[in-house]
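J.: Mind having a look at this structure? Questions to follow.
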Amino acid sequence: MPKKILVVDDEPDTVELMKSILKSEGYSVETAYNGKECLDKLKSAKVDLVLLDIMMPDMSGWDVFGRIMKMRAKPKVAFVSIIEVSPERKSTLMKQGLSDYIMKPFTKDEIVKKVKKVLV
Amino acid sequence: MKLFWKIFATVFISFVVIIVATSYITLDRDLYYIKDSIIEENGILAEFTAREMEIGYLESKWPFETLRKLSERSDFLFWWVVMDDGTIHLADNTSFVGTGAYDYFPGMGEMPGEGGEKLFEDPGQRYGIFIKSMKIGTSRWTFWIGFSMREMQEAMRIIVITIILISVLSMAALSIFLYLTVKYFLKPLNKLREGALMIGKGEAGKEIKIKAGDEMGDLAKTFNEMSRELKKSRDDLERYNKGLEKDVRERTRELEKKMDDINKAKAATLNIMEDISEANEELETKQKEIEKANRELKKFDRLKSEFMNMGAHELKTPLIPIVGYLDMMKDSRNLKPDQKDQIDICLRNARRLQMMVNDILDTSKLEAGSMKFDMKPMNPTVLIKNTVKDMAKDAAAKGLKLADEIPEKLPNIMGDEYRLTQVMANLVNNAIKYTDKGTITVYAQRKGNSIEVYVQDTGIGIAKNDMPKIFTKFFQVDTSEKRKHGGTGLGLAICKGIIKHHGGNIWVESNLGKGSRFIFTLPIKK
Numbered sequence: 047m048p049k050k051i052l053v054v055d056d057e058p059d060t061v062e063l064m065k066s067i068l069k070s071e072g073y074s075v076e077t078a079y080n081g082k083e084c085l086d087k088l089k090s091a092k093v094d095l096v097l098l099d100i101m102m103p104d105m106s107g108w109d110v111f112g113r114i115m116k117m118r119a120k121p122k123v124a125f126v127s128i129i130e131v132s133p134e135r136k137s138t139l140m141k142q143g144l145s146d147y148i149m150k151p152f153t154k155d156e157i158v159k160k161v162k163k164v165l166v
Numbered sequence: 165m166k167l168f169w170k171i172f173a174t175v176f177i178s179f180v181v182i183i184v185a186t187s188y189i190t191l192d193r194d195l196y197y198i199k200d201s202i203i204e205e206n207g208i209l210a211e212f213t214a215r216e217m218e219i220g221y222l223e224s225k226w227p228f229e230t231l232r233k234l235s236e237r238s239d240f241l242f243w244w245v246v247m248d249d250g251t252i253h254l255a256d257n258t259s260f261v262g263t264g265a266y267d268y269f270p271g272m273g274e275m276p277g278e279g280g281e282k283l284f285e286d287p288g289q290r291y292g293i294f295i296k297s298m299k300i301g302t303s304r305w306t307f308w309i310g311f312s313m314r315e316m317q318e319a320m321r322i323i324v325i326t327i328i329l330i331s332v333l334s335m336a337a338l339s340i341f342l343y344l345t346v347k348y349f350l351k352p353l354n355k356l357r358e359g360a361l362m363i364g365k366g367e368a369g370k371e372i373k374i375k376a377g378d379e380m381g382d383l384a385k386t387f388n389e390m391s392r393e394l395k396k397s398r399d400d401l402e403r404y405n406k407g408l409e410k411d412v413r414e415r416t417r418e419l420e421k422k423m424d425d426i427n428k429a430k431a432a433t434l435n436i437m438e439d440i441s442e443a444n445e446e447l448e449t450k451q452k453e454i455e456k457a458n459r460e461l462k463k464f465d466r467l468k469s470e471f472m473n474m475g476a477h478e479l480k481t482p483l484i485p486i487v488g489y490l491d492m493m494k495d496s497r498n499l500k501p502d503q504k505d506q507i508d509i510c511l512r513n514a515r516r517l518q519m520m521v522n523d524i525l526d527t528s529k530l531e532a533g534s535m536k537f538d539m540k541p542m543n544p545t546v547l548i549k550n551t552v553k554d555m556a557k558d559a560a561a562k563g564l565k566l567a568d569e570i571p572e573k574l575p576n577i578m579g580d581e582y583r584l585t586q587v588m589a590n591l592v593n594n595a596i597k598y599t600d601k602g603t604i605t606v607y608a609q610r611k612g613n614s615i616e617v618y619v620q621d622t623g624i625g626i627a628k629n630d631m632p633k634i635f636t637k638f639f640q641v642d643t644s645e646k647r648k649h650g651g652t653g654l655g656l657a658i659c660k661g662i663i664k665h666h667g668g669n670i671w672v673e674s675n676l677g678k679g680s681r682f683i684f685t686l687p688i689k690k
């Protein structure tokens, strides 16, 4: 059974792009366009990895990440963002449970490589 | 008290003491003598009478005559014959007979022994009693004679009066004598005093005439010398004073002038102080305005920063799907060759746009000071080797040789790895862009407290005029080259901003047509 990935971004085109790339690699892909939708989907379906944007309206990626980390059966989470974070911040986030941090803009090869690594 | 009275009183009191003492001694002696003679007389009488009575008793011949004569004496008071038991047996006044003799004189004390006698004196010296023991038959009786001492007192009074009289008279005489003598002796002294007073009043040079061979005469001579000296000094002083007065007048005038100046300066200072306080108030107002402006500026700065982040997001986001899909499409197997070329062109331009957006955002951040640096100790050798490794493919694509030469082990520097990699990539990328054949060499060396990093190429080089300008924004060597080489014209400005932030410097050395060498420095970690 293929691994399930939930892509969360307020930009539908970006969601579609990631969905295309990941599907072509054989993953099962779910989508959400804001934090609330993401949390709802996580309640109803078992997800292996959440690819989470940070700058979203209403609820930021930081908040969503915090909520997910409090869940009992939690999926892996990787941020996909154009926000540059320092290596210190990154290692702090990793300690809190983050799996990876993918910078935008990404290339197809980049994102595929990182997702594969996380889902090993 | 004047000297006269001092001498007078001293001498007078001494004399009075001597006179009184002498008088007292004389008086005392006289009184003693008078008293003695009275007592002696009465003692003899008592003895005599007692003897006559003893004999008269034996011979029955009573001495009436002796007793009568006794009673006629001027100082006679009484006579008694007292028996053993103290009863008066016989008396000149018969009313006493049969009464107790001791009852009249209680403090009498013991009677004299056989053949003895006793004198009893009244403590007030008014009377005396002479008591003589006698033998009448076998009985031992006593014979008492009382006598008055009034005579003695009378004599005493006369003597006292006489002495007082003599004293007073001699004192008066003494006073007069003393007065005259002392006055005479003190006369030269008064003259001296008057002379001194005159000198005191200002009549210096005054001399006094005293003709005496004693100390007074010497004093007068000394005084006269002193007076002459004083006159001389005073004359000198007067002359000096006149000069001094002139000086003082001049000085006073100068001082007044100076005081005027000072007062003027004071007034001026007060004016200045007023001005200063006004200026101060103005300054405070200005300061408040500046503070307000500062607050607004900070607010604005924060807004700008927020805007920049938003802008970055908004500008970068649309390019993500464009580049992403083109990237996917170019690997598709269903494309015709010309379609594949078209997609490559789209992809290349989209990437260029992405790069430009990044450059513009970096420039803005550097200018706003909002670029974040993550400074850590790092080794420049690793930085250079990684860059050369990453860029080797691009260099090889143009048939260029890219090599690193690091002659020694370099010390660590403090730096942001991401940003320094950006600088290195930019410089090497430029070198590749502007070099058609030859070698690009990257090397580094320690120089003082810094590391110097070089990126050297064998490319077209830079004209001397252009060298200072290439680190400014939007400058490119030649507009005709622009289309050929692409780029935003911001790369070197960003490099400069990053290196400056690290505390280093960046510059270029070049020979037109032969190649360029870009150099930047980074301070060694202390």
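Sequence lines, in order, name chains P and C. One gets my numbering by counting positions in the first sequence from 1 and adding 46 to each. One gets my numbering by counting positions in the second sequence from 1 and adding 164 to each. Note that CB positions come from ideal geometry on N, CA and C, so glycine has one too.
#1: Can you name, in chain order, every residue of its own chain whose Cβ lies under 7 Å from the Cβ of Pro-352 (chain C), other than the five neighbours on each side?
#2: So Glu-358 (chain C) is in the alpha helix (DSSP H); what residue range does that whole segment cover?
#3: Between the region 543-563 of chain C and the region 576-593 of chain C, do three or more beta carbon pairs fall short of 8 Å?
#4: Tell me, please, which residues DSSP counts as bridged to Asn-567 (chain C).
#5: Compare the beta carbon distance of Met-316 (chain C) and Ile-183 (chain C) with 8 Å and say whether it is the shorter of the two.
#6: Only counting runs of 4 or more residues, tell me where the alpha helix (DSSP H) segments fall wholly within the region 227-287 of chain C, in order along the chain.
#7: Does the beta carbon of Lys-162 (chain P) sit closer than 8 Å to a beta carbon anywhere in chain C?
#8: For Arg-647 (chain C), I'd like the list of residues in its chain whose CB is within less than 7 Å of its CB, leaving aside the five on either flank, ordered along the chain.
#9: Give a yes or no on whether the C-beta atoms belonging to Gly-562 (chain C) and Ile-596 (chain C) are separated by under 8 Å.
#10: Measure from the C-beta of Lys-65 (chain P) to each C-beta in chain C and report whether the shortest distance is under 8 Å.
#11: Anything in chain P within Cβ reach of Lys-157 (chain C), meaning under 8 Å, just list it in chain order.
#12: Check for me: the beta strand (DSSP E) holding Thr-685 (chain C) runs from which residue to which?
#13: Relative to the C-alpha of Lys-50 (chain P), which candidate in P:Leu-97, P:Asp-56 and P:Tyr-79 has its C-alpha closest?
#14: Closer than 8 Å by beta-carbon distance: list the chain C residues that pair up with Thr-138 (chain P), in chain order.
#15: Just curious, the alpha helix (DSSP H) that Ser-178 (chain C) is in, first and last residue?
#16: Taking 8 Å as the CB-CB limit, is Ala-476 (chain C) close to chain P?
#17: Measure the C-alpha to C-alpha separation of Ser-169 (chain P) and Gly-81 (chain P) and round it to an integer number of angstroms.
#18: So which residues on chain P does Met-492 (chain C) lean against when the C-beta distance must stay under 7 Å?
#19: What's the gap between the Cα of Lys-365 (chain C) and the Cα of Met-390 (chain C)?
#20: Among C:Ala-336, C:Phe-311 and C:Cys-659, which one has its Cα closest to the Cα of Ile-295 (chain C)?
#21: List the whole-angstrom C-beta distance separating Lys-89 (chain P) from Glu-76 (chain P), where the pair is believed to meet the contact cut-off of C-beta under 8 Å.
#22: Against chain P, which members of the region 567-587 of chain C pass a CB distance test of less than 7 Å?
#23: Please report the Cβ distance between Val-245 (chain C) and Phe-307 (chain C), rounded to the nearest whole angstrom; I am assuming they are in contact, meaning their Cβ atoms lie under 8 Å.
#24: Count the other CB atoms, across all protein chains shown, that sit within 10 Å of the CB of Asp-99 (chain P); report buried if there are 16 or more and exposed otherwise.
#25: Would you decide whether Ser-303 (chain C) is buried or exposed? Buried here means 16 or more other CB atoms lie within 10 Å of its CB.
#26: Sort out for me which residues DSSP pairs Arg-304 (chain C) with in a bridge.
#27: Give me the chain P residues within the contact set of Val-487 (chain C), using Cβ-Cβ distance strictly less than 7 Å, ordered along the chain.
#28: Using a threshold of 8 Å, state whether the C-beta atoms of Ile-663 (chain C) and Asn-669 (chain C) are closer than that.
#29: Output yes if chain P places a C-beta closer than 8 Å to the C-beta of Asp-439 (chain C); else output no.
#30: With distances taken from CA atoms, which of C:Glu-204, C:Glu-455, C:Thr-386 and C:Ile-658 is nearest Thr-527 (chain C)?
#31: Report back the beta-carbon spacing between Asp-56 (chain P) and Pro-121 (chain P) to the nearest angstrom; my notes put them in contact at under 8 Å.
#32: Quick check: the Cα distance between Lys-396 (chain C) and Asn-405 (chain C), rounded to an integer number of angstroms?
#33: Okay, do the region 210-223 of chain C and the region 175-190 of chain C touch, 3+ Cβ pairs below 8 Å being the bar?
#34: For a test of the three-state rule: what should DSSP assign to Asn-435 (chain C), helix, strand or coil?
#35: Mind reading off the beta-carbon distance from Ile-624 (chain C) to Gly-677 (chain C)? Whole number of angstroms is fine, and I expect it under 8 Å.
T.: Checking against the coordinates, here is how it stands:
#1: As a working note, residue 352 (chain C) is residue 188 in the second sequence. Answer for Pro-352 (chain C): Ile-374, Ala-376, Met-380 and Ala-384, listed in chain order.
#2: Within the second sequence, numbered from 1, the residue matching residue 358 (chain C) stands at position 194. Here the alpha helix (DSSP H) through Glu-358 (chain C) covers 314-364.
#3: yes
#4: On the second sequence, residue 567 (chain C) is found 403 positions in, with the first residue counted as 1. Sequence inspection shows Ala at residue 567 (chain C); the Asn mentioned does not correspond to that position. BP columns for Ala-567 (chain C) point to C:Thr-605.
#5: Residue numbering aside, residue 316 (chain C) sits at position 152 when the second sequence is read from its first letter. Residue numbering aside, residue 183 (chain C) sits at position 19 when the second sequence is read from its first letter. The answer is no: Cβ separation not under 8 Å.
#6: 228-235 and 265-268
#7: Position 116 of the first sequence holds residue 162 (chain P). By this cut-off, Lys-162 (chain P) is not an interface position.
#8: Sequence index remark: in the second sequence, residue 647 (chain C) carries index 483 (1-based). In this predicted model, Arg-647 (chain C) has a pLDDT of only 49, less than 50, meaning its place in the structure is not dependable; the value taken from the coordinates is given anyway. Within the same chain, and ignoring the five residues on either side of Arg-647 (chain C) in sequence, no residue has its Cβ closer than 7 Å to its Cβ.
#9: The residue you call residue 562 (chain C) lines up with position 398 of the second sequence. The residue you call residue 596 (chain C) lines up with position 432 of the second sequence. First, the amino acid is wrong: residue 562 (chain C) is Lys here, not Gly. Yes; because the gap between Cβ atoms is below 8 Å, this pair is in contact.
#10: Against the first sequence, residue 65 (chain P) aligns to sequence position 19. Not an interface residue.
#11: Summary: the structure shown does not reach residue 157 (chain C), with chain C confined to residues 165 through 690, and so no result is reported for it.
#12: Residue numbering aside, residue 685 (chain C) sits at position 521 when the second sequence is read from its first letter. 679-687 is the span of the beta strand (DSSP E), which, as asked, contains Thr-685 (chain C).
#13: Within the first sequence, residue 50 (chain P) is the residue found at index 4, counting from 1. Comparing Cα positions, the closest option is P:Leu-97.
#14: Locating residue 138 (chain P) in the first sequence gives position 92, counting from the first residue. The contacting residues do not exist; Thr-138 (chain P) stays about 13 Å from chain C at best.
#15: Taking the second sequence and counting its residues from 1, the one referred to as residue 178 (chain C) is at position 14. Taken as a continuous stretch (DSSP letters only), the alpha helix (DSSP H) holding Ser-178 (chain C) covers 167-223.
#16: Counting from 1 along the second sequence, the entry for residue 476 (chain C) is found at position 312. Interface flag for Ala-476 (chain C) against chain P is set, since a Cβ pair is found closer than 8 Å.
#17: The shown model of chain P, from 47 to 166, leaves out residue 169 (chain P), and the question about it has no answer.
#18: Position 328 of the second sequence, counted from the first residue, corresponds to residue 492 (chain C). Chain P residues near Met-492 (chain C): Ser-66, Ile-67 and Lys-154.
#19: Here residue 365 (chain C) corresponds to residue number 201 of the second sequence, with the count starting at 1. Here residue 390 (chain C) corresponds to residue number 226 of the second sequence, with the count starting at 1. Each residue's alpha carbon lies about 15 Å from the other.
#20: Sequence index remark: in the second sequence, residue 295 (chain C) carries index 131 (1-based). The shortest Cα separation from Ile-295 (chain C) among C:Ala-336, C:Phe-311 and C:Cys-659 belongs to C:Phe-311.
#21: The residue labelled residue 89 (chain P) in the question sits at position 43 within the first sequence. The residue labelled residue 76 (chain P) in the question sits at position 30 within the first sequence. The pair is not a contact, with the Cβ atoms about 12 Å apart (cut-off 8 Å).
#22: Listed in sequence order: no entries.
#23: The count along the second sequence starts at 1 and reaches residue 245 (chain C) at position 81. The count along the second sequence starts at 1 and reaches residue 307 (chain C) at position 143. Their Cβ separation, rounded to whole angstroms, is 6 Å, which keeps Val-245 (chain C) and Phe-307 (chain C) in contact under 8 Å.
#24: Sequence index remark: in the first sequence, residue 99 (chain P) carries index 53 (1-based). Buried.
#25: Within the second sequence, numbered from 1, the residue matching residue 303 (chain C) stands at position 139. Ser-303 (chain C) is exposed by the Cβ-count criterion.
#26: Here residue 304 (chain C) is taken as the residue at index 140 of the second sequence, counted from 1. Arg-304 (chain C) pairs with C:Lys-299.
#27: By 1-based counting over the second sequence, the position of residue 487 (chain C) is 323. By Cβ distance, chain P contributes Pro-151.
#28: Stepping through the second sequence from its first residue, residue 663 (chain C) is reached at position 499. Stepping through the second sequence from its first residue, residue 669 (chain C) is reached at position 505. A contact, by the Cβ cut-off of 8 Å.
#29: Looking up residue 439 (chain C) in the second sequence gives position 275. No, no contact with chain P.
#30: As a working note, residue 527 (chain C) is residue 363 in the second sequence. Comparing Cα positions, the closest option is C:Ile-658.
#31: Along the first sequence, read from residue 1 onward, the residue named residue 56 (chain P) stands at position 10. Along the first sequence, read from residue 1 onward, the residue named residue 121 (chain P) stands at position 75. That pair is no contact at about 20 Å.
#32: Counted from its first residue, the second sequence places residue 396 (chain C) at position 232. Counted from its first residue, the second sequence places residue 405 (chain C) at position 241. Their Cα atoms are separated by approximately 14 Å.
#33: no
#34: Within the second sequence, residue 435 (chain C) is the residue found at index 271, counting from 1. Note: Asn-435 (chain C) maps to helix in three-state DSSP.
#35: Along the second sequence, one-based indexing puts residue 624 (chain C) at 460. Along the second sequence, one-based indexing puts residue 677 (chain C) at 513. So it is a contact: roughly 7 Å between Cβ atoms.
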